[in-house]
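Asker: One structure, pasted below without further comment.
In UniProt numbering, the protein residues as written are 1 to 141.
If you want it as structure tokens, here you go:
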């Protein structure tokens, strides 16, 4: 993730190529925007999360950090992708429409989203912000 792809004033992250070989615009929640504003920017690297090694441009693998967080939280058998499923399930529980959930999860077809039970950017941002606000009530971030 490069700083040039993040537009904090617009509240978006632009991804030029996803695993589906398509571009994607990710709408950022307010909490993340504030955290990114506080995050140290380095002129030495164009990457938001630069690698630890001198010859590494950016962080390529989060397994070490994931394992530490996993252990600290005393979680068992939890994969990163499970968090994505949890987002979809919780949004459905908060009565957010399947269409909006599909947009948030970047699903290409409604069949993928139906597992979790006329759209514009404002509606999608409202949905993900509503979700983030509910999570914020439950946590001490």
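Beta carbons are placed, not taken as given, at the ideal position from N, Cα and C, and that holds for glycine.
1. Quick one: what's got a C-beta closer than 8 Å to residue 3's C-beta in the same chain, skipping five residues either side?
2. What is the C-beta distance between residue 80 and residue 92, in whole angstroms, given that I count them as a contact (C-beta under 8 Å)?
3. Using the three-state DSSP reduction, which class does residue 79 fall into: helix, strand or coil?
4. Does the region 25-38 touch the region 129-140, meaning 3 or more C-beta pairs lie closer than 8 Å?
5. Which ranges would you report for the beta strand (DSSP E) in the UniProt domain "Tyr recombinase" (1-136) if only whole runs of at least 3 residues count?
6. Could you check whether residue 13 and residue 20 sit closer than 7 Å to each other, using their CB atoms as the reference points?
7. Let's test the definition: count the other Cβ atoms within 10 Å of the Cβ of residue 103 and tell me whether it reaches 16, buried, or not, exposed.
8. List the whole-angstrom C-beta distance separating residue 114 from residue 98, where the pair is believed to meet the contact cut-off of C-beta under 8 Å.
9. Can you grab the Cα-Cα spacing for the pair residue 137 / residue 44, in whole Å?
10. Is residue 139 helix, strand or coil when you go by DSSP?
11. Anyone know if the C-beta pair for residue 24 and residue 108 falls short of 7 Å?
12. What number of angstroms, rounded off, separates the C-alpha of residue 85 from the C-alpha of residue 112?
13. Here's a check: name, in chain order, each residue in its chain whose Cβ is nearer than 6 Å to the Cβ of residue 18, leaving out the five neighbours to either side.
Answerer: If we stick to the structure as given:
1. Cβ neighbours of residue 3 beyond the five flanking positions: 41, 46, 47, 48.
2. The distance from the Cβ of residue 80 to that of residue 92 is about 20 Å, inconsistent with a contact at the 8 Å cut-off.
3. DSSP places residue 79 in coil when its eight states are reduced to three.
4. In short, these stretches touch, since the Cβ pair count reaches three.
5. Considered as a whole, the UniProt domain "Tyr recombinase" (1-136) harbours 12-15, 24-27 as its complete beta strand (DSSP E) runs of no fewer than 3 residues, in chain order.
6. 7 Å or more divides the Cβ of residue 20 from the Cβ of residue 13.
7. If you draw a 10 Å sphere on the C-beta of residue 103, you find 16 or more other C-beta atoms in it, and that means buried.
8. Yes, they are in contact, since the Cβ atoms of residue 114 and residue 98 sit about 6 Å apart, within 8 Å.
9. Their Cα atoms are separated by approximately 37 Å.
10. Correct three-state label for residue 139: coil.
11. The criterion of a C-beta distance shorter than 7 Å is not satisfied by residue 24 and residue 108.
12. C-alpha separation (whole angstroms): 11 Å.
13. Same-chain partners within the cutoff: 24.
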